[in-house]
Amino acid sequence: MKMPWRFKEARIQNKIKLIDAAKRLGVAQPTLSAWEGERKEPSIAAIKRMAEMYSVSIEYLLGYDSFEKLSRAQKIPLESISIFHGKPIWVENMGWALVNGIEQTVIFADGNRELIEGNTELYFAPPIYTESEPRTDLPLKWDELHLQDIVWLEPISADKLLRNQLRGRYRIIGEYAENSYGNRFHFDCYGATWLAFAMK
């Protein structure tokens, strides 16, 4: 679903006449009128100029309130990817990446780059249930580990599959944490390969 553009709304809020806005943007008045009426699509450069002139974000002009408020299921149109340069997006079946709008690529945390192609599905955030949310509260300090019976463990790894397989409830036994499958994390590696959180 395409969000309604706010080109006209932003211009009116700034109390700029259509003819004056068109002059400042370097376009004909009918062209700007067509953009505002959504009869024609402006170039990415024109959208950037409008955002600067109206002192609003590109996302606002395109109809989005903020990245935080976007629906997880909202896809990013491939034609608009250049304006998301430097922003994090979710690539289906691959995870989080940063957009390089100039090269039309996405860059992953491990340094891999992938060309954005026609069959690539891009989202503002992972669709619901795509991945587990990591804990956002403070992890336990190393000297607090001995005081716990059971902790929630989050592995530190670039390997997403490994992280998802090993995260979960662990029992504190001596100098290590162990889960019901026999996987162990030693206290000596705390903060380097794993973090623990108090059970909620």
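Mapping the sequence shown onto the numbering used here, position 130 (from 1) lands on 133, and the numbers just tick up by one. Positions of the beta carbon are idealized from the N, C-alpha and C atoms, including for glycine.
- Beta-bridge partners of H189 (DSSP): Y179.
- If you draw a 10 Å sphere on the C-beta of I119, you find 16 or more other C-beta atoms in it, and that means buried.
- Linking R9 to A25 through their CA atoms gives a straight-line distance of about 16 Å.
- Judged by their CB atoms, L143 and A180 are not nearer to each other than the 7 Å cut-off.
- For N167, there is no enclosing beta strand (DSSP E); the enclosing alpha helix (DSSP H) has its first and last residue at 163 to 169.
- Exclusion of the five residues before and after I61 leaves I50, K51, A54, I86 as the residues of its chain whose Cβ lies within less than 8 Å of its Cβ.
- The alpha helix (DSSP H) runs lying completely inside the stretch 43 to 107 and spanning 4 residues or more are 47 to 57, 61 to 64, given in chain order.
- Under DSSP, the beta-bridge partners assigned to F200 are W155.
- Counting only the Cα atoms, Q32 lies some 14 Å from E44.
- Between the alpha carbons of I175 and D162 lies a distance of about 24 Å.
- Less than 7 Å separates the beta-carbon of P91 from that of L101.
- L141 sits in coil when the DSSP states are folded into three classes, being neither helix nor strand.
- CA-to-CA, the gap between H149 and G177 works out to about 8 Å.
- Excluding residues up to 5 positions away in sequence, P158, I159, S160, F188 lie with their Cβ nearer than 8 Å to the Cβ of T196 in the same chain.
- For R116, there is no enclosing alpha helix (DSSP H); the residue is part of the beta strand (DSSP E) that begins and ends at 116 to 118.
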